[in-house]
Each structure stands twice: as structure tokens, then as C-alpha cells.
Amino acid sequence: MVCNDMNDKAAVVRRIRFRLNGRQREAQVASHENLVDLLVRLDLFGARESCGQGLCGCCTVLVDDIAVSGCLTLAQLVDGCEVHTVEGLAEKGKLDFVQQAFIDEGAFQCGFCTPGFVMMTHELLKRIPEPSEPEIREYLSGNLCRCAAYPEIIRAVQTAARNRPDPAGVAGEHA
Amino acid sequence: MNIRPELTNHQIGRSVPRLEGPEKVSGRASYVHNLKLPGMLYAKIFRSTVAHGRILSIDVSAARMMEGVEHVFTGEDVKTIVPNPYFGPAFHDQPVLAIDKVHFVGEPVAVVLARDPYVAAEAAQLITAEYEELPAVFDEVEAMHSKAVVHEELKPAGTFPDLKHLAGRKDTNIALDYHLRRGDPVAGFAQAVHVFEHEFRTQQVMHVPLEPMVTLAEPHHNTIIIHTASQSPSFVRIEIARLLGWPENRVQVKVPHLGGGFGAKLYIKLEALAACAALLAGAPVKVMLPMEEQFYTITKHASTFRIKSGVDHEGRLLARHCEVYWNGGAFADIGPRVTQKSGFTAPGPYDIDNVSIDSYALYTNRPPAGALRGFGIPQLVWAYESHTDIIAHELGIDPIEFRRRNILRDDRPQATGTPMTDAAVDAVLEKIAECMQWESGSRRKSDDPTKRFGRGMAIGFKASISPTTSVAVVNVAADGSVVLQLSTVDMGQGSDTAMAQIVAEILEVAAEDVRIVHPDTDVTPYDMATLGSRSTFHMGHAVRLAAEDAKRKLEELAHAMGFTDHAVWQPRDLFRRKYGMQAGNVIGVGTFIPEYRSPDPENGQSDKVTPFWMIGGTGVELEVDVETGHFRILRMINVADLGTPLNPRIVETQLSGASMMQLGFTMFEEMRLDAGQVTNASLADYKIPGIQDVPDAIENEIVAAHQSNGPFGAKGVGETATFGVSPAIANALFDAVGVRLTQLPLTPEAVFMAMRAKEGAASGV
Ligand code: FES
Ligand code: FES
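First to last, the sequence lines map onto chains A and B. The number in our numbering is simply the position in the first sequence, starting from 1, with 174 added. The number in our numbering is simply the position in the second sequence, starting from 1, with 812 added.
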């Protein structure tokens, strides 16, 4: 443990190692930095801090396959974890089935909230492969969209569920 | 000419998916929020803690000494580079940082710059200021005669000729008083058999774009680049240039995607502070507000509307008087325009011969108010459609039937005298009746005795803000590919896609193949702003003209290159022939400003006050729990006249999104104030609609219509579905449980209290 020479004498800086979208990474992280701060430092902007209070879901990322609010997750806590962000979904630029479903259903306007919804949808479909509308509403109730593309988002989740690649690895319609 | 013949003439009216979709779903779309520059400093604003006060002292010494702090500036520092640092679109009343006085809790007083945003935030906490508190005024009606005066003197900006006469007025909070007179209201009321008079109020709310306001200013040798989440890049350039005393061409304003706008990011907001701080520091400065601080920037006007109507034997409206008070907060922003441009529609879409309107923009010591999705219209429709419903019930006439007797039909003059051309008021009304099966009266009944079903509807209308200018450039490269340069900001409404469709239609290419250059005032030409649902019409025409200009130039080039009239050619053949290789451009330019006649200053009359009318209505079915006052929207139907939509799919999302936003303003959103202090400035305490608030069914209907002077028959969309939502819900609540609420928001508590009060009255308690 060392003092952060940059700014805050009280901050405790640690070196952490974690996997980010499948690649091993290392970073020096101060104790007050959250996961969004860290991702931004690594030039990943898909997780966005909006409310900063764990209430809007714009900063949603998966840590060890669990959706978390990046704004409330201290960056040091992902030491040794597997972190997935929206940028990791489109392999070689090809959109994955959830992203494609959001486009097909026109499930966004400004797009600021979209990465959060996309990540949350991934987690939802992993747990409930064919969610009912109440289940979709329930699961996504922690994500806010001020453009209120909610009806389209509900349809996008349903479309994604239909187009989901076979979990055994057989490609689905859009995978 | 034909690049993709199979697509000819199928670009307009096609539901082209948003062009920027892949960037948005992959998290790679660029927002100013993401932007970092080498050497960039983060700003943190120190804000006023009193609602109205004289500044006695500001102590920034401890902040300055904190390690990592690069600069701390106050209003005095700003004055060294901008001698008169007051800005604003209608009045020059807003200082970059407070000078001498503060006007509301949250007004920027000082700014800290540091490389680390956490350091800037901590240092800002070390600043202290002392104020001599002055009496404050918060209520718009009190502000009319209050002893507390927010600004010593009115300072109209000079941009609007009809505000000039206000210059130098002292000792008043009335920033603008607007009056309209039509017919003989006194005689009209004298003839009336019934006279109804009511007062309705709306609360202060905030836009809450999920990308909070953000600006990054980058100073160079004798220029400045401003990257900003703004809906009006051209205005930012003009206003920053004016403040600095520079020519426009030394200020470059760039706008990538916006994470929502809704009117919050209009005119000039953080740009003045970012520019001044960057110039003073000699480094790029990013001013990035946390969510909480957005509530101190711009809001939607709270309002009080007193409305009085005279009706004859047959249920015909004979006269109407409207008195509207707009709570503009501490700075005028665009409030005076709301007062006037929305004010003249205050009598509603009704054919009334005798009308008087008095509409007042008021300064108070609250956070400033400006444009929010509807430019004042939702506040007005809330009042006049609640009032209309009350009249119908009291006269024992069905509410839709009462409207049928009174609506403005084709080409009839509205209160200003401008005819209602291409305004499908009746079609919207009839469509709502049809969707709700109003006449057949299919009323749902609940098995649960604690639930009551109710239905209600409302219609409203809006004029476009006029006269305003749009300019567009279409640039055809030597391989025939097309770029569109325009300053319209796509903040989610889909303008990039719609404008590409217009170009594509004319140049016979696919919309997907048209590249859009996002606003960059060095490259994209002037546009008044992206506001008031004006872009489809105004910019749509400019883009059409630019594409037609490019097409004409290509045809001339073909002629000059020896192609006969009937020859088949591709643009690239022309360039090759002319320049001997893939070289050159053809540039088409389009400029559009609609016809307009200023209203008579005496009576507000004009036969051309707007180039088009927007018509929207909403029907609601709901269920009230009589034990708690909670209610659930079972079905919400939005009906709109949009002319002929350019992109039906995107337009539908616009309608449902707008209605959902208004649903939040109707049911729960409210900025709570305590002595001018916003006590719920965060998403934890200020609730916006979530997915669970979406009605069980939400339907959007576009009536068959055509805007004959619009581009391809189209007109604006963004605000239309906000109009009817609030009164439709209030009217449905009345239908369900017989209580009339006259103040937004319509919370369960309010419904509960009103039900209990009614029971009390009935039982004589
Ligand atoms: S920014 Fe993290 S939940 Fe809102
Ligand atoms: S698309 Fe704008 S906030 Fe969701």
C-alpha cells in the first residue's frame, strides 16, 4: 500500500489484476475510485455514470456474471474478478443477439441508457430464458430510460429471447 | 441518374432503422460525457446557499491552497476577460459567475479547476461565502406585486424586437406581459347563459436527461473550440462570440450525440462558464454536472392559469378569458417566449369569437425555467382541458360531444386570427372517440369493490416557434457518395435518419448511404436550434432545398459533359469526365425561413403567426383504489396529427416517449422547495418514470393527414404526445371517483384527500 502521489494523501492505492472482456488487465487503483472511473481510464465508455447513486442502471456491467452498478462498485473490489462490459459483446464488430434485438425493435432514442439495458438483458436471459412481460418489467425496473423507450425495450427483450443462440453453442438466428 | 434503382422513391415514409443504432447498442457512440483531452482540467462549481442575497465576501483561499488545485475563479476573475459577463437568449440577466448578488439557491458563485475531479470537488467544499440576505419571492402570482424584486432592472437581449420596449424597466418581476384581444369579450360574457371560472396550477419539474449537462472548452491561440452537449450549436457560437467580443469565426462549437435534451440543453447553459474558465486557465476545461446539480440549471415553468368561459344555451363557447402566470425563476432564459408563443394558444383548439389573454413571465428566486418538451403547452392544455371537462359535466353534455360543438374546424381562425390550415383537430378527436369506443360506452367494471374504473380524454395544439431559419449543405463526392452537413442535433429524436431520408429521396440513393456530419459550426451551417418540434419542418425544407440544388447542379454538369436529357448516367461518370479522374465535389445549399407576420402589438392579431399547427390528444382508462387513492393506468391512447410521417417507426417511438415523460410530470415528478432550496435534487428523491410505470397498454395513432406546406407533407413530432396526458388523467379520475384535482402532480395522496373531502362534504362533516 502506498500513498497516491497524484492528489489525495489519504487515498490508498493498490495494484489490482482482473479480466476485462476476456483479457487479463492490471491497474493501479485508488481506494475512492469506482469501477466506472477505472473503465473510463481504460477508454471504455459504455458504462456511464449518470445518477451516481445506483438508481439508473446506466453504469451496469457484469462482475463474475452478476450485473452491478459500476458507480457503486469500488474499483479495488474487482481484483481477481471477471468483468464484462458492453464493449465486449460485439465480437469482431458483429453485434450480438441482444444488441441486434434492440436495433430491430428500435428500443432506444438517445442511447445513453442502452448499454445498461443490454447488459441487464443478458443477465435476465441467462436466469430466465423465456421471461414473461411482468418478469421483464420486474427485472429491468432498476434501469431508467428518460426517453422512455420502455415499450420497445420490452419487445427487444422478447425478440432477444427468441433469437438467443443455443446455450450449447449452436448459433441462433442472429448469433 | 440512379445509383440504386430498386430504391427509387421509397425513402420517404420508410421506417429506416436509426442510422446510429449499431454505435449506440455497442456503447461506442460519442457523447461529450466521454470526451477527454490532454491537459484537461475538471471544474467543480461552488453554488449559492441563499435564495436572494448580496454577496459580502467569498473566501477561496483554502481551496486555492489545496494540493492538486490549479485555479479557483469568481465573478471578478471572469470580468477581466469579459467586461459585461451576462448572457441569455431573451434577456442578458445571467452572470457567468455571480456578481454582487445571488438570485437563487444553486446559482454558480465560484469554480475550482483541478486535474482530478475528486480534488476539484473536495476543494469546492472549502470555499465559503457570506451574504446579506434579501427578501425572496417564490410564487408566480405573488411575484406580480411582491416587494422582493429579483433583478434591479430588465435587460432584454435585443435579439427579439418585441422585447426591446422592456429595456430599463425597474422594480418589477414581470419580465414580459403579453396580451391578446379578439372580438368583444365583455359583450360575449354578457350574452352567456353560463359562466365558469377555474384556477389550475402546475409544479416545477426538471428534464433530467440521463447524460447530465456537460461542456468541454478548449482554448487555442486565438480561437476556442467548445465541445458541448447542446441543442443549439449556432446560438452558442453567436453568444460566446458576443461575450468575448470576437467574430463568430473564432468560436467553433461541436456537438456529438446527446444523451437526451428535452429542452434542457438549449440556448446557452454551461458553455459560458467553460469558455471563460478555459481562457482564464489557458487549458481545456470540462464542466460536467453530477445529476444533483442539474436541478439548479433549468426547469419547466410552474404556472397558475385562471380561465373563465361563457357558454350559450346550446353549449357553444361564446367568450373566454385566460390569465396565465409563468414562474420563470431567477433568470429569464427563454421564458418570455414561452409566455408569448404558447400564451396565444391558451384558449385551446376551440372556435371562440371573443377572447382575451393576459400572460405574464415572472422572475422569482427559484432555479430558472425554460423550454421543456412543449414550450409551455402542456401547462395550458392541463388547464383548458380540465376546464372543458368540468363545463361539459356541469351542463350535462358528453365531454366529446361538447368538444365537437366547439372545436376549431378546417381553416377557421384561431385566437390570433391565423387560420387552422392542415390542423386535424376533428380527426384527432374522432380517433380518440373511436379507439376508446366512447359512444358505445363499453365501460369496464371491476369485480373488486375497492376499485373504480374511469376514462378521460383531452386534446391540445401548438404553434411552431416562428420565424426561424435553417441552412443545410449537401456535398456529393466524386464517387457519387453523399454527405449532409447540418446543425440539427440528433438527441434521440431520429433527425439524422429522417434528414438522410429526405436527401436520399431526392438524390435517389439509399438513406443508409447518406453520411451525416454532426454539428460543427466550422463546417455545418446555421440552424436556429433543435427545439419546439421545428426541425422536421424547417430543417427538412432546408435539406430538401440543398438536395434539390445539388441535383440541379449535377444535371447541369451532365449537360455540360454532353449527356442528353434522356441519357442514363451516374454522378461518378460526370466527375470523371469533367476532371479526368475521381476528383471534385458538387455542393448544394438550402436555406429556409417560413412566411410569418408579427402579431399586432396592441391585440396580438396576425394572419400568419405560425407555419404549421401540431395537434395531439390522449385518451386514458384507469382504475382507482378507493381505499388508498392509488390508481393504475390501464390504457393510454395517444393520437396525433403529424402530417405525413417521414419515418413512421421513429415517429411512433417519439409519441410514446413524449407521453411517458408527461405521465411522470402528471403523476409524481415535482421539485420540492424549502425556502428556495430544492430538497429532492437527486434521482433518489425525484422519481422519473421507470418501466413499471408504463401503462398496461399504450397505443399510438397517427391520423391520416398531410401538411401541404411541409417537406413531403410532414411536420413536427417531438412534443405532440405531451399535450393531452395530464388533463386526460385528471378527467378520468373525475369519471372514476368524482373528484376534481386542479394542481399537478396527481399523487395518490391528492386523490385520497380529495375523496375524503368529498365524503366529508356529502355527510356534512
Ligand atoms: S450511474 Fe450508476 S446506477 Fe446510475
Ligand atoms: S434512450 Fe435516452 S435515456 Fe434511454
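Backbone N, C-alpha and C fix where the C-beta goes; we use that ideal spot for every residue, glycine too.
query: With burial defined as no fewer than 16 other Cβ atoms inside 10 Å of the residue's Cβ, what is the status of B/Pro-968: buried or exposed?; result: buried
query: A/Cys-284 CB to nearest chain B CB: under 8 Å?; result: yes
query: What in chain A is Cβ-close to B/His-1069, meaning under 9 Å?; result: Cys-284, Gly-285 and Phe-286
query: How far does the alpha helix (DSSP H) with B/Met-1426 in it extend, from its first residue to its last?; result: From DSSP, B/Met-1426 is part of no alpha helix (DSSP H) but of the beta strand (DSSP E) over 1425-1437.
query: When you check each C-beta in the segment 304-316 of chain A against every C-beta of chain B, which residues fall closer than 7 Å?; result: Arg-311, Leu-314 and Ser-315
query: Give me the Cβ distance between B/Ala-1569 and B/Gly-1431, rounded to the nearest whole Å; I'm assuming they're in contact under 8 Å.; result: The pair is not a contact, with the Cβ atoms about 27 Å apart (cut-off 8 Å).
query: Of the residues that make up the segment 314-337 of chain A, which ones have a beta carbon closer than 9 Å to any beta carbon in chain B?; result: Leu-314, Ser-315, Gly-316, Asn-317, Leu-318, Cys-319, Arg-320, Cys-321, Ala-322, Ala-323, Tyr-324, Pro-325, Glu-326, Ile-327 and Ile-328
query: Please compile the residues from chain B whose C-beta is within a distance smaller than 9 Å of the C-beta of A/Ala-249.; result: The contacting residues do not exist; A/Ala-249 stays about 13 Å from chain B at best.
query: Around the Cβ of B/Glu-1561, are there at least 16 other Cβ atoms within 10 angstroms (buried) or fewer (exposed)?; result: exposed
query: If I measure Cβ to Cβ from B/Gly-1522 and keep anything under 6 Å in the same chain, skipping five residues before and after, which residues do I get?; result: Phe-1349 and Gly-1455
query: Return no unless some Cβ of chain B is closer than 8 Å to the Cβ of A/Pro-289.; result: yes
query: Output the distance between the C-alpha atoms of A/Gly-346 and A/Ala-334, rounded to the nearest integer angstrom.; result: Because A/Gly-346 sits at a pLDDT of 39, beneath the cut-off of 50, its placement in the model cannot be relied upon, and the following sentence gives the value as read from the coordinates. Their Cα atoms are separated by approximately 10 Å.
query: Taking buried to mean at least 16 other C-beta atoms within 10 Å of its own C-beta, is B/Gln-1016 buried or exposed?; result: buried
query: With DSSP run on the structure shown, which of helix, strand or coil describes B/Lys-1098?; result: strand
query: Could you please give the first and the last residue of the uninterrupted beta strand (DSSP E) stretch that includes B/Ser-1121?; result: 1114-1123
query: For B/Gln-1394, does the count of other Cβ atoms within 10 angstroms reach 16, so buried, or fall short, so exposed?; result: exposed
query: Identify every residue that forms a DSSP beta bridge with B/Met-1269.; result: B/Gly-1431
query: Keeping to the same chain, check which residues put their C-beta closer than 7 Å to that of A/Arg-338; ignore five residues upstream and five downstream.; result: Phe-271, Leu-299, Pro-303 and Gly-346
query: Taking Cβ positions only, does A/Arg-189 come closer than 8 Å to chain B?; result: no
query: Throw me the rounded Cβ distance for the A/Ala-322 and B/Met-1473 pair, which I believe falls under 8 Å.; result: 6 Å
query: For a contact defined as C-beta to C-beta under 7 Å, what are the partners of A/Gly-226 on chain B?; result: Pro-1102 and Met-1103
query: Would you say B/His-963 and B/Asp-905 are within 8 Å of each other, going by their C-beta atoms?; result: yes
query: If you measure from the beta carbon of B/Ala-1114 to each beta carbon in chain A, is any gap under 8 Å?; result: no
query: Using the Cα positions of A/Met-180 and B/Asp-1325, report the straight-line distance between them to the nearest angstrom.; result: With a pLDDT of only 46 at A/Met-180, under 50, the local geometry of the prediction cannot be trusted, and the value read off the model is given with reservation. Near 48 Å, if we compare the C-alpha coordinates of B/Asp-1325 and A/Met-180.
query: If we ignore side chains and look at the alpha-carbon of each, how far apart do B/Pro-1068 and B/Asp-1332 end up?; result: 9 Å
query: Are the CB atoms of B/Val-1398 and B/Lys-1365 nearer to each other than 8 Å?; result: yes
query: Check the C-beta distance from B/Val-917 over to B/Gly-1488 and give it rounded, since I have them as a contact under 8 Å.; result: 5 Å
query: Give the residues of chain A in contact with B/Glu-1023, contact being defined as C-beta atoms less than 8 Å apart.; result: Arg-222, Ser-224, Cys-284 and Phe-286
query: Would you kindly work out how many angstroms separate the C-alpha atoms of B/Asp-1437 and B/Lys-1263, rounded to a whole number?; result: 5 Å
query: Return the CA-CA distance between A/Gly-228 and A/Gly-316, expressed in angstroms with no decimal places.; result: 8 Å
query: In the structure shown, what three-state DSSP assignment does B/Val-1551 receive?; result: coil
query: Comparing the C-beta of B/Asp-1501 with each C-beta of chain A, is any distance below 8 Å?; result: What sits at residue 1501 of chain B in the sequence shown is Pro, not Asp. Taking Cβ atoms only, chain A reaches closer than 8 Å to B/Pro-1501, which makes this a yes.
query: Given 7 Å as the limit, tell me if B/Gln-1578 has its C-beta closer than that to any heavy atom belonging to ligand 1.; result: Only positions 813 to 1577 of chain B appear in the structure, and residue 1578 of chain B is not among them; the question remains open.
query: Kindly indicate the opening and closing residues of the beta strand (DSSP E) around B/Tyr-1175.; result: Unbroken run through B/Tyr-1175: none, as it is neither H nor E.
query: Short of 9 Å Cβ to Cβ, which residues in the segment 828-844 of chain B face chain A?; result: Pro-829, Arg-830, Glu-832, Gly-833, Pro-834, Glu-835, Lys-836, Val-837, Ser-838, Gly-839, Arg-840, Ala-841, Ser-842 and Tyr-843
query: Looking at B/Thr-1157 and B/Lys-1274, is the spacing between their C-beta atoms short of 8 Å?; result: yes
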